[in-house]
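Adding 15 to a residue's 1-based position in the sequence shown gives its number in our numbering.
Yeah, the Cβ is synthetic: ideal placement off N, Cα and C, and Gly gets one too.
Note that the coordinates shown come from a computational prediction; the quantities given were computed from them, not determined experimentally.
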Amino acid sequence: MTATTENKTITKVRTPGRPKKTIRRSDFLMVRLTPTERILIEGRAKNAGLKPSEWFRRAAKNAKVFPRFTVEETGWFRMLAGLANNLNQLTHLAHVAGLFTLAMKCQTILKQVEELITKLSSHDG
């Protein structure tokens, strides 16, 4: 391309080939799919008018992942396991020493277990 301005010639130099992409995808993430999952993804991508890889990228960006249990809930599970262990020990002692001597201790532990189960079931979302 040339342009003339008052007896001066300015020439623009164009670089040959395709222009460089501003964002280059150079990293790979390998994902294993079942044949059914692949067909499902390819079908959804086709319906959206996208390539499967682009559909997958968009789906991954918009996905919301929630942790299975919160830190508080895992603490409750640990406490529940400890209470179950104590209850087993008390049951063993009840068989050895007699049931009536340990009845009060077992009742308090059972109340704690019930409270924890109530807390866990109320946080179930």
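Residue i, enclosing alpha helix (DSSP H) - first and last residue
i           : result
residue 111 : 86 to 112
residue 119 : 118 to 137
residue 66  : Premise fails: residue 66 is in no alpha helix (DSSP H) and is neither H nor E.
Contact set for residue i: own chain, Cβ-Cβ below 7 Å, skip 5 residues either direction
i           : result
residue 120 : 105
residue 134 : 91
Same chain, Cβ closer than 6 Å to residue i, five either side skipped, listed in chain order
i          : result
residue 67 : 56, 57, 60
residue 32 : none
Selection from the options that minimises the alpha carbon distance to residue i
i          : options           : result
residue 45 : 135, 65, 133, 72  : 72
residue 96 : 128, 29, 113, 111 : 128
Residues near residue i by beta carbon distance below 8 Å, same chain, minus five either side
i          : result
residue 48 : 56
Residue i vs residue j beta-carbon contact at 8 Å
i           : j          : result
residue 131 : residue 94 : yes
**Message:** Any contact between the region 94 to 109 and the region 64 to 78? By contact I mean 3 or more CB pairs, one from each, below 8 Å.
**Reply:** Cβ pair count under 8 Å is below three, so no.
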